[in-house]
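Below is one structure; the comments refer to it alone.
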Amino acid sequence: MMDKREVINKITEIINGLEEPFDWQTTEWEAVEEPEKAKIPKFVANWIKEVKFGGGTLREALDFIAQPDEVYGWVYANDYNKFEVLAKAWINGYEIEKEPLFYAKIKGSELTRDYYRRYWNYLPLEDRFIVLGNHHTDEYQTKFSKEQWNNLGINDTNADFEEVES
1 MMDKREVINK ITEIINGLEE PFDWQTTEWE AVEEPEKAKI PKFVANWIKE VKFGGGTLRE
61 ALDFIAQPDE VYGWVYANDY NKFEVLAKAW INGYEIEKEP LFYAKIKGSE LTRDYYRRYW
121 NYLPLEDRFI VLGNHHTDEY QTKFSKEQWN NLGINDTNAD FEEVES
């Protein structure tokens, strides 16, 4: 496959008469690789949209003083290539990462003998929780992202989270 630079060079040769245009096949145009889109969390995508909507630049998106805490934590969390990922997302576009889902185990439940009350389970139609020993059930909603659990009032103070295996 050709990259953009090779296509530009080929077109330049055709324009300058160094190569006949009909020698070049349409498939070579189709072979131009699109840059790979960066995979980023939804909150980073929201930050990029916010900065672009406000007429901001990539420099402003990378400015740690302006970044929301969650974006700052993501960019600076043990991995400095996140600057590059954010920049590529800004320039080439992005795909939103699939958020991991979690079961919420009641904090301290392992210390009791009550095996029937271990997990938080949500009843969406009644907008309430029920406590069950099993986190696998079709009747209740049992898997949420951490943000969704937090919005329901379930967080690190009252639950231990177990990631759902894909």
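Residue 136 in the working numbering sits at position 136 of the sequence shown; the count goes up by one each step and never skips. Glycine residues also receive a C-beta, built at the ideal position from the N, C-alpha and C atoms.
In chain order, each alpha helix (DSSP H) run of at least 4 residues that lies wholly inside the segment 24-97:
Whole alpha helix (DSSP H) segments, 4+ residues: 26-30, 42-53, 58-62, 69-76 and 82-92.
Could you check the C-alpha separation between residue 58 and residue 87 for me, to the nearest Å?
The residue given as residue 58 occupies position 58 in the sequence shown. The residue given as residue 87 occupies position 87 in the sequence shown. Their Cα atoms are separated by approximately 7 Å.
For residue 119, does the count of other Cβ atoms within 10 angstroms reach 16, so buried, or fall short, so exposed?
To locate residue 119, count along the sequence shown from 1; it is residue 119. It counts as buried.
Under a three-way DSSP split, which group does residue 165 fall into?
Indexing the sequence shown from 1 puts residue 165 at position 165. Coil.
Thinking C-alpha only, which one of 100, 141 and 107 is nearest residue 163?
As a position in the sequence shown, residue 163 is number 163, starting the count at 1. Ranking the options by Cα distance to residue 163, first place goes to 100.
Tell me the rounded alpha-carbon separation between residue 5 and residue 89.
Looking up residue 5 in the sequence shown gives position 5. Looking up residue 89 in the sequence shown gives position 89. Distance between the alpha carbons of residue 5 and residue 89 is about 21 Å.
To the nearest angstrom, report how far apart residue 104 and residue 148 are at their CA atoms.
Reading the sequence shown from its first residue, position 104 is the one you call residue 104. Reading the sequence shown from its first residue, position 148 is the one you call residue 148. Those two C-alpha atoms are separated by around 11 Å.
Indicate the three-state DSSP secondary structure (helix, strand or coil) for residue 128 in the structure shown.
Here residue 128 refers to the residue found at position 128 when the sequence shown is read from its first residue. Residue 128: strand per DSSP, three-state reduction.
Let me check one thing: in DSSP terms, what residues is residue 141 bridge-paired to?
As a first step, residue 141 is located in the sequence shown; it is residue number 141 there, counting from the start. Looking at the DSSP assignment, residue 141 forms a beta bridge with 122.
Going straight from the alpha carbon of residue 83 to that of residue 62, what length do you get?
The residue given as residue 83 occupies position 83 in the sequence shown. The residue given as residue 62 occupies position 62 in the sequence shown. Rounded to the nearest angstrom, the two C-alpha atoms are 7 Å apart.
What does the Cβ neighbour count give for residue 154, buried or exposed, with the cut at 16 atoms within 10 Å?
Here the question's residue 154 lines up with position 154 in the sequence shown. When all chains shown are included, residue 154 counts as buried.
Express the C-alpha separation of residue 41 and residue 98 in angstroms, rounding to a whole number.
Residue 98 sits at position 98 when you count from the first residue of the sequence shown. Residue 41 sits at position 41 when you count from the first residue of the sequence shown. Each residue's alpha carbon lies about 8 Å from the other.
Cβ separation of residue 167 and residue 161, assumed to be a contact under 8 Å, to the nearest whole Å:
Residue 167 lies beyond the residue range present for the chain, which begins at 1 and ends at 166; the question has no answer from this structure.
Got a sec? Which residues, its chain only, sit under 8 Å from residue 64 by beta carbon, not counting five neighbours each side?
Start at 1 with the first residue of the sequence shown, and residue 64 comes out as number 64. Counting only Cβ-Cβ distances below 8 Å, and skipping sequence neighbours, we find 72, 75 and 76.
Same chain only: Cβ atoms within 7 Å of residue 128, ignoring 5 sequence neighbours per side
The count along the sequence shown starts at 1 and reaches residue 128 at position 128. Answer for residue 128: no residue qualifies.
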